[in-house]
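Be aware that the sequence shown starts at 1072, since it is given in this note's numbering, and climbs by one per residue.
Ideal placement from N, C-alpha and C gives every residue a C-beta, glycine not left out.
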Amino acid sequence: MCKMASFLWHDTSTVEIAVYDLCSHSATQDHFPSYRGAVGWHEGHYTPDGQIECRTPSGRARNAEEILRRRYPTFVAFFSYAVSKREVIISGFLDLSGLSSAKGLVLPRTLGGFLSLNGLTSAEGLVLPRTLGGSLYLDGLKMK
């Protein structure tokens, strides 16, 4: 299992990304078989604490990370974009405990595992999934 949210990225001047399973690079590569081992396609992560990591065989591509940061300035922006893609899945549990605010966060309608939003200080506007196959963790959230 990879860090949330995993993606594949293509080393071009515009940095193309591919998302499918936000918990698994290998499942995303299986979904896009032409990308597996293809020149210029690499693994990446955008974590709830705001870290972007664009891996390369020799380290990290800081320029690609900067491009993605401009396109998706926050994890919430990236995650909401990814979830808006019809084919995107989350194969494991959804651990978003690194977020402090849910403002603008779009969650999937169905989640098979548990959902952790521990650490949120604001859940204003948050719409929870209709179906949740596990527990919901909201430790730290202060209700008004």
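Along the length of the region 1125-1162, whole beta strand (DSSP E) runs at least 3 residues long do not occur. Rounded to the nearest whole angstrom, the C-alpha separation of residue 1180 and residue 1138 is 29 Å.
Cβ atoms of residue 1091 and residue 1154 stay farther apart than 8 Å, at about 12 Å. For residue 1077, no alpha helix (DSSP H) encloses it; the enclosing beta strand (DSSP E) starts and ends at 1077-1081. Beyond the five residues adjoining it in sequence on each side, residue 1194 comes within less than 8 Å, by CB distance, of 1173, 1188, 1209 and 1212 in the same chain, given in chain order. One thing to note: residue 1146 has its Cβ within 7 Å of the Cβ of residue 1121. 1203 is the residue among 1196, 1192, 1203 and 1170 whose C-alpha sits nearest the C-alpha of residue 1186. Residue 1111 places its beta carbon 7 Å or farther from that of residue 1125. Note that the C-beta distance between residue 1163 and residue 1184 is below 7 Å.
DSSP places residue 1210 outside both helix and strand once states are collapsed to three, so it counts as coil. Counting the other Cβ atoms within 10 Å of the Cβ of residue 1086 gives 16 or more, which makes it buried.
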